[in-house]
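Visitor: Please read through the structure below; I'll follow up with questions.
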Amino acid sequence: VFINDQPYGKMGNGEKKEIDLEPGIYKVRVQQNIKKGEQDITIEANKTISFSFYPTPLSLISFISPLIGLGLLFLFKISLSLTALILLPGAITAIYLLTAGKTKYFLFKKEI
Numbered sequence: 026v027f028i029n030d031q032p033y034g035k036m037g038n039g040e041k042k043e044i045d046l047e048p049g050i051y052k053v054r055v056q057q058n059i060k061k062g063e064q065d066i067t068i069e070a071n072k073t074i075s076f077s078f079y080p081t082p083l084s085l086i087s088f089i090s091p092l093i094g095l096g097l098l099f100l101f102k103i104s105l106s107l108t109a110l111i112l113l114p115g116a117i118t119a120i121y122l123l124t125a126g127k128t129k130y131f132l133f134k135k136e137i
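The letter at position 101 of the sequence shown is residue 126 when you use my numbering, and the numbering goes up by one with no holes.
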């Protein structure tokens, strides 16, 4: 977890972290290897807010598509061209997430 590009420690899956911040606007970034998510958040005086973050649906497509395509290819001996059609969405989303979408891998959800 980074706030205004300063590291604030590591978090495991499902782990919560409390960080006290002065009122203001902050850029919060979560990063796992090259996968990132960024969001500007506003902290108001005497208020507590919570955020959770999770992978975008696109990241799931880039992970699941190759598994399905290769599984069908080897288990059911479907044609290579059909396998390529199944792999294409995963490849396109992976390229997007590694280039233009590299800071959009994780989504933030404000919890009330």
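Where a beta carbon is used, it is the ideal one built from N, C-alpha and C, also for glycine.
Apart from the five residues on each side of it in sequence, which residues of its chain come closer than 7 Å, Cβ to Cβ, to residue 80?
Guide: Translated into positions along the sequence shown, residue 80 becomes position 55. Contacts found: 130 and 131.
Visitor: Let me make sure I understand the geometry here. Which of 100, 34 and 42 has the alpha-carbon closest to that of residue 76?
Guide: Locating residue 76 in the sequence shown gives position 51, counting from the first residue. Comparing Cα positions, the closest option is 42.
Visitor: If we count the other Cβ atoms within 10 Å of its Cβ and call it buried at 16 or more, is residue 34 buried or exposed?
Guide: Start at 1 with the first residue of the sequence shown, and residue 34 comes out as number 9. Exposed: under 16 other Cβ atoms inside 10 Å.
Visitor: Assign residue 49 to one of two classes, buried (16 or more other C-beta atoms within 10 Å of its C-beta) or exposed (fewer than that).
Guide: Sequence index remark: in the sequence shown, residue 49 carries index 24 (1-based). Exposed, because fewer than 16 other Cβ atoms sit within 10 Å of the Cβ of residue 49.
Visitor: Does the count of Cβ pairs from the stretch 89–104 and the stretch 62–75 closer than 8 Å reach three?
Guide: Cβ pair count under 8 Å is below three, so no.
Visitor: With a Cβ-Cβ cutoff of 7 Å, do residue 51 and residue 71 count as a contact?
Guide: Position 26 of the sequence shown, counting from 1, holds the residue named residue 51. Position 46 of the sequence shown, counting from 1, holds the residue named residue 71. No, these two residues do not count as a Cβ contact at 7 Å.
Visitor: In chain order, what residues of the same chain lie with their CB nearer than 8 Å to the CB of residue 115, ignoring the 5 residues before and after it?
Guide: Your numbering for residue 115 matches position 90 in the sequence shown. Same-chain partners within the cutoff: 86, 87, 88, 89, 90, 91 and 94.
Visitor: Taking the CB atoms as reference points, tell me whether residue 54 and residue 78 lie closer together than 7 Å.
Guide: Mapped onto the sequence shown, residue 54 falls at position 29. Mapped onto the sequence shown, residue 78 falls at position 53. Going by C-beta atoms, residue 54 is not nearer than 7 Å to residue 78.
Visitor: So what does DSSP say about residue 49, is it helix, strand or coil?
Guide: Along the sequence shown, read from residue 1 onward, the residue named residue 49 stands at position 24. Here residue 49 sits in strand by DSSP.
Visitor: Helix, strand or coil for residue 124 per DSSP?
Guide: Counted from its first residue, the sequence shown places residue 124 at position 99. Three-state DSSP puts residue 124 in coil, outside helix and strand.
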